[in-house]
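The structure appears right after this line, and notes come after that.
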Amino acid sequence: MAAYGRRKRPKLLILICGAIFLGYVMFSKRKSGEVSLTNRREVTGEEEYELLKKPVYEKPPLDLNALGEMGRAVKLNLNEEEKRKEEESIKAHQINTYVSDKISLHRRLPERWNPLCKELKYDYRSLPTTSVVIAFYNEAWSTLLRTVHSVLETSPDILLKEVVLVDDYSDKAHLKEPLDKHISGLNKVRLIRATKREGLVRARLLGASITTGEVLTFLDCHCECHDGWLEPVLHRIKEEPKAVVCPVIDVIDWNTFQYLGHAGEPQIGGFDWRLVFTWHSIPDYEQKRRRSPVDVIRSPTMAGGLFAVRKDFFHYLGTYDTGMEVWGGENLEFSFRIWQCGGSLEVHPCSHVGHVFPKKAPYSRSKALANSVRAAEVWLDEYKEIYYHRNPHARLEAFGDVTERRMLREKLGCKSFKWYLDNIYPDIHVPHDRPGMFGMLKNRGKTNYCFDYNPTDENVVVGQRVILYLCHGMGQNQFFEYSVNGEICYNTREPAGCIAGDNISTYLTVQLCRKRGQPVPSDQKFIFRKDGSLYHVHSQKCVEAIDNTDNGTPAPSLQPCSDSLHQKWFFEERI
Ligand code: LR7
Ligand code: MN
Numbered sequence: 080m081a082a083y084g085r086r087k088r089p090k091l092l093i094l095i096c097g098a099i100f101l102g103y104v105m106f107s108k109r110k111s112g113e114v115s116l117t118n119r120r121e122v123t124g125e126e127e128y129e130l131l132k133k134p135v136y137e138k139p140p141l142d143l144n145a146l147g148e149m150g151r152a153v154k155l156n157l158n159e160e161e162k163r164k165e166e167e168s169i170k171a172h173q174i175n176t177y178v179s180d181k182i183s184l185h186r187r188l189p190e191r192w193n194p195l196c197k198e199l200k201y202d203y204r205s206l207p208t209t210s211v212v213i214a215f216y217n218e219a220w221s222t223l224l225r226t227v228h229s230v231l232e233t234s235p236d237i238l239l240k241e242v243v244l245v246d247d248y249s250d251k252a253h254l255k256e257p258l259d260k261h262i263s264g265l266n267k268v269r270l271i272r273a274t275k276r277e278g279l280v281r282a283r284l285l286g287a288s289i290t291t292g293e294v295l296t297f298l299d300c301h302c303e304c305h306d307g308w309l310e311p312v313l314h315r316i317k318e319e320p321k322a323v324v325c326p327v328i329d330v331i332d333w334n335t336f337q338y339l340g341h342a343g344e345p346q347i348g349g350f351d352w353r354l355v356f357t358w359h360s361i362p363d364y365e366q367k368r369r370r371s372p373v374d375v376i377r378s379p380t381m382a383g384g385l386f387a388v389r390k391d392f393f394h395y396l397g398t399y400d401t402g403m404e405v406w407g408g409e410n411l412e413f414s415f416r417i418w419q420c421g422g423s424l425e426v427h428p429c430s431h432v433g434h435v436f437p438k439k440a441p442y443s444r445s446k447a448l449a450n451s452v453r454a455a456e457v458w459l460d461e462y463k464e465i466y467y468h469r470n471p472h473a474r475l476e477a478f479g480d481v482t483e484r485r486m487l488r489e490k491l492g493c494k495s496f497k498w499y500l501d502n503i504y505p506d507i508h509v510p511h512d513r514p515g516m517f518g519m520l521k522n523r524g525k526t527n528y529c530f531d532y533n534p535t536d537e538n539v540v541v542g543q544r545v546i547l548y549l550c551h552g553m554g555q556n557q558f559f560e561y562s563v564n565g566e567i568c569y570n571t572r573e574p575a576g577c578i579a580g581d582n583i584s585t586y587l588t589v590q591l592c593r594k595r596g597q598p599v600p601s602d603q604k605f606i607f608r609k610d611g612s613l614y615h616v617h618s619q620k621c622v623e624a625i626d627n628t629d630n631g632t633p634a635p636s637l638q639p640c641s642d643s644l645h646q647k648w649f650f651e652e653r654i
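So this is what it looks like as structure tokens:
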């Protein structure tokens, strides 16, 4: 005992001295930090507020003539040689970096959001601090650095702990010494490098592991933040520590670098049954819940790249699924997890960040399928079948081991996917997929031909003609479902489509399905009779496989009902 007491005393002494020293340091630091603020006799409240808002770096003076300034589109008159260079830059990054390189790394963007946002005032001293984590893989110089400078120039110094850049094993020379050199002159910027390609999930986690802020804020590496983007997000998280908050993502054009943000209500996230992220407008029930246009908007899912979350809550939720590689799936997985495990996912209409959407994917995204399967296997319960029916190849994908993620779900006592659909995403069309009533819709007379719908624009599902095409068994465009209400649905994508016919043309098109709770319009109603005929109620005709169409492409067409095998149809799940 005595020995124990003797040994302890010096430790205690050190502890006390340490505490006094620490207290002194903190106190004096606080004082010196406030020097500029505590000249209270002269400084008004408003001036003090402005000082608290001060970013880490001020933007250089505005030069309105500079290319792309204020988010204007850049249009260049190029000679042959320059044109060639521009094309090369697009090939390399799927972004016009030739143009990007000519725009200031410090440019300003126009403020186009709701003017009420400007009236919100923040108690800077009580907001949580944040660390911004930006993972990058082979990003172009100017898009990456414009992201970094825009964070430093729009984030209040008092709120930003650091910017952590994570190089996900890039192989481009400009991201080696030149990048080290450039950022070594910047306050609050740290760079760490992965020693192998980790993919965005593990790269972000690597970055998060060295942060010191209370809140983690993730950004893609080709973003431009607006003034005041950070405060609303941190304010909301202070108010609701279980909220994961996204800024509004404004589009920056990959070719002209025009900033395409608009003042209207922002969009929120959903998904379709391929587990692809989709954008939607704010549903009525959510508009009713909000008390003002500057209130957060609850969103079923997030795009994935831009969000803020309390670090402790991120850890409580199990950070990310580290079995996910490269790109894709983690955004929906995290969205489901947030909602099902007691958090909320929100978009703050007053926080705006621009993002360059590239012309097309600049690197292979083949891992996205396995990542989505992991998400489905852990979070979708019985609804995963709806996904698999539409993506038969997903069943064959090697997705690794998800035991730990299922245990996490168990440990946190997370709610079911049914609860999520009913309460968080009631607008999604949920197929019934009754046995024998979904899959390829095949004809008995014109054998091996299937209903096929291939919308030319990924984002416009409705309006085009349904054709007949050789059955491929891959789901997707040849996947239809006969609903309990007598609709032939094309519900692989969101919003769901339903096949419709009229009395004017004999051909069938895909139109939007009715809204929940509304009756099926008669032009979308088909009776799938025992003999295999598909009777269209509105025209009183039957669907027949026709070769002689006006454009030469075989198609289903409404014809007087007959016994022809060309009017007999059946569903088949796979070839
Ligand atoms: O192997 C990789 N390692 C990385 O570090 C692959 C990517 N990355 C980095 C990459 O450099 C970038 O900073 O990760 C970030 C995201 O990759 P992007 O920009 O190629 O993805 P994206 O913008 O096309 O895709 C969206 O969906 C992804 C799904 O995995 C991620 O969640 C992205 O963050 C997400 N981006 C956004 O949400 C911005 C808005 C786009 C939309 C919709
Ligand atoms: Mn991106």
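In my numbering, the protein residues as written are 80 to 654.
Glycine residues also receive a C-beta, built at the ideal position from the N, C-alpha and C atoms.
The model shown is predicted, which means the values in this text are computed figures rather than measured ones.
Helix, strand or coil at residue i according to DSSP, with G and I counted as helix
i	result
Ala440	coil
Phe350	strand
Gln638	strand
Phe650	strand
Pro471	helix
Tyr338	strand
Phe415	helix
Trp192	coil
Ala454	helix
Val355	coil
Val268	strand
Tyr201	coil
Leu644	helix
Thr296	strand
Asp501	helix
Phe558	coil
Lys620	strand
Leu459	coil
Tyr569	strand
Tyr548	strand
Lys162	helix
Asp246	strand
Contact under 9 Å by Cβ, residue i with residue j
i	j	result
Asn450	Glu409	yes
Ile174	Pro441	yes
Leu231	Leu265	yes
Gly580	Val541	no
Glu293	Asp400	no
Glu476	Leu448	yes
Val599	Arg593	yes
Arg377	Gln419	no
Pro207	Lys133	no
Leu244	Ile262	yes
Environment of residue i [buried if 16+ CB atoms lie within 10 Å]
i	result
Trp333	buried
Ser612	buried
Val563	exposed
Arg653	exposed
Lys521	buried
Met486	exposed
Phe649	exposed
Val539	exposed
Gly407	buried
Gly492	exposed
Ala624	buried
Arg474	exposed
Leu258	buried
Phe215	buried
Gly518	buried
Residues that DSSP places opposite residue i in a beta bridge
i	result
Phe605	His615
Pro134	Pro235
Pro207	Paired residue(s): none; Pro207 is not in a bridge.
Met519	Glu651
Arg328	The question names Arg, but residue 328 in the sequence shown is Ile. Partner(s): Val432.
Gln590	Cys577
Ser423	Ala322
Arg377	Glu425
Arg389	Val294
- Inter-stretch contact at 8 Å, needing at least 3 Cβ pairs: the segment 178-190 / the segment 365-373: Cβ pair count under 8 Å is below three, so no.
- Contact between the segment 568-588 and the segment 630-639 (3+ Cβ pairs under 8 Å): With the cut-off at 8 Å, the segment 568-588 and the segment 630-639 touch.
- Is the number of C-beta pairs between the segment 330-349 and the segment 190-199 that are closer than 8 Å three or more? Because the criterion of three Cβ pairs below 8 Å is met, the segment 330-349 and the segment 190-199 touch.
- Item | Touching by the beta-carbon criterion (3+ pairs, under 8 Å), the segment 420-436 and the segment 306-314 | Cβ pair count under 8 Å is three or more, so yes.
- Message: Pairs of beta-carbons, one from the segment 546-564 and one from the segment 494-511, closer than 8 Å: are there three or more?
- Response: Yes, the segment 546-564 is in contact with the segment 494-511.
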